[in-house]
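Undergrad:
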Amino acid sequence: MSITFYYSPQSSAGRIRVSLAELDVPHEIIRVDLRAGDQKKPDFLALNPNGKVPTLVIDGTPMFESVAIQIALGERYGVQKGLWPAPGAPERLMALTWLVWGQVSLTGALFHYMANTSEYFPKEMHNEKQAEQALTEVRDLLRILDSRLDGRPYLTGERCTLADLDLASVLGWGLPAAKIDSSEQKNVHGWLGRIMERPAVKAAMVET
Ligand SMILES: N[C@@H](CCC(=O)N[C@@H](CS)C(=O)NCC(=O)O)C(=O)O
């Protein structure tokens with residue numbers, strides 16, 4: 001089995017960096033310089049026509065979209081490592097649900113808010129009404145996450161899975177970047193703190 005990981009630090013690819021490290025999967029890393037535009041070069045576009053990282057090539061087959069990559073890694077390596085529930089277990093369905101919810105619903109709303117407020121996006125794109133609506137949505141979703149984590153250390157129960165690592169990697173960076181205080185959500189706060197302490201997550205957060 002050969003895995004090539006096209007990666008750029010401090011990007012969506014960080015979540016896959018964490019998973020590969022946690023799963024201890026041998027792989028080759030190719031750094032993609034997003035500022036230099038490496039992702040728009042023909043060789044890269046042949047692997048991922050979107051011109052984005054993460055991109056992972058498994059035995060010659062390119063994959064993109066971090067959620068799809070997380071599921072593939074979970075199925076191939078995660079069960080044995082205890083980071084992805086076994087097929088047929090109810091926890092497998094929960095992990096899929098919360099992994100996709102985290103990316104589509106919560107991360108979607110968070111990025112919508114950031115697009116309308118943050119310095120990462122041009123000021124002329126900012127819209128106050130859109131920002132207000134997105135913030136309400138983020139807060140509602142954080143409350144949903146908080147109640148999911150009530151009496152449960154991780155999203156699927158007692159064990160940390162790739163779904164936790166994926167969502168925590170986004171929130172660990174995204175909440176402070178969006179200047180959203182989540183300390184009122186005590187369960188989210190505790191869960192995030194525990195995951196941020198994991199060596200693979202810590203390393204990805206500071207990598208340059
Ligand atoms: N939905 C994609 C998003 C990937 C994405 O937006 N990647 C950004 C980095 S955070 C990128 O490569 N941007 C380069 C560009 O758009 O030129 C995923 O989850 O994999």
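Taking full-length UniProt numbering, the leading residue of the sequence shown gets 1, the next gets one more, and so forth. No residue lacks a Cβ here, since even glycine has one placed at the ideal position from N, Cα and C. Since this is a predicted model, take the numbers as computed values, not measurements.
#1: Compute the beta-carbon to beta-carbon distance between G14 and A204, rounded to the nearest angstrom, for a pair I have assumed lies under 8 Å.
#2: Let me know the secondary structure DSSP gives V25 once reduced to three states.
#3: When the Cα of G60 is compared with those of V67, A46, S66, V53, which residue comes out closest?
#4: Would you decide whether N127 is buried or exposed? Buried here means 16 or more other CB atoms lie within 10 Å of its CB.
#5: Identify every run of the alpha helix (DSSP H) within the UniProt domain "GST C-terminal" (88-208), keeping only runs that are complete inside it and at least 4 residues long; order them along the chain.
#6: Using a threshold of 8 Å, state whether the C-beta atoms of residue 213 and I30 are closer than that.
#7: For V57, does the three-state DSSP call read helix, strand or coil?
#8: Where do the N-terminal and C-terminal ends of the alpha helix (DSSP H) with L70 fall, by residue?
#9: May I ask you to report which of helix, strand or coil DSSP gives P9?
#10: Sorry if obvious, but does the Cβ on L99 come closer than 7 Å to a heavy atom of ligand 1?
#11: Going by DSSP, which residues form a beta bridge with M63?
#12: Output the boundary residues of the alpha helix (DSSP H) element that contains A46.
#13: If the criterion is Cβ atoms closer than 8 Å, does the pair L145 and V104 meet it?
TA: Answer, in terms of the structure:
#1: As a first step, residue 14 is located in the sequence shown; it is residue number 14 there, counting from the start. As a first step, residue 204 is located in the sequence shown; it is residue number 204 there, counting from the start. Yes, G14 and A204 are in contact; Cβ-Cβ is about 5 Å, under 8 Å.
#2: Working through the sequence shown from its first residue, we reach residue 25 at position 25. Reduced to three states, the DSSP call for V25 is coil.
#3: Walking along the sequence shown from the start, residue 60 turns up at place 60. Comparing Cα positions, the closest option is A46.
#4: Residue mapping note: residue 127 aligns to position 127 of the sequence shown, counting from 1. By the neighbour-count rule (16 or more Cβ atoms within 10 Å), N127 is not buried but exposed.
#5: 90-100, 108-115, 128-148, 162-178, 186-196, 199-206, all fully within the UniProt domain "GST C-terminal" (88-208).
#6: Any property of residue 213 remains undetermined from this structure, which presents the chain solely from 1 to 208.
#7: For this step, residue 57 is matched to residue 57 along the sequence shown. When DSSP states are grouped into helix, strand and coil, V57 belongs to the strand group.
#8: For the purposes of this step, residue 70 is taken as residue 70 along the sequence shown, with counting starting at 1. Position check: residue 70 holds Gln in this sequence, whereas Leu was assumed. Per DSSP, the unbroken alpha helix (DSSP H) holding Q70 starts and ends at 66-73.
#9: Here residue 9 corresponds to residue number 9 of the sequence shown, with the count starting at 1. Three-state result, P9: coil.
#10: Position 99 of the sequence shown, counting from 1, holds the residue named residue 99. Checking every heavy atom of ligand 1 against the Cβ of L99, none is found closer than 7 Å.
#11: The sequence position of residue 63 within the sequence shown is 63, counting from 1. For M63, the pairing in a beta bridge is given by DSSP as L56.
#12: The residue given as residue 46 occupies position 46 in the sequence shown. Segment 42-47, the alpha helix (DSSP H) holding A46.
#13: Along the sequence shown, one-based indexing puts residue 145 at 145. Along the sequence shown, one-based indexing puts residue 104 at 104. No, they are not a contact pair.
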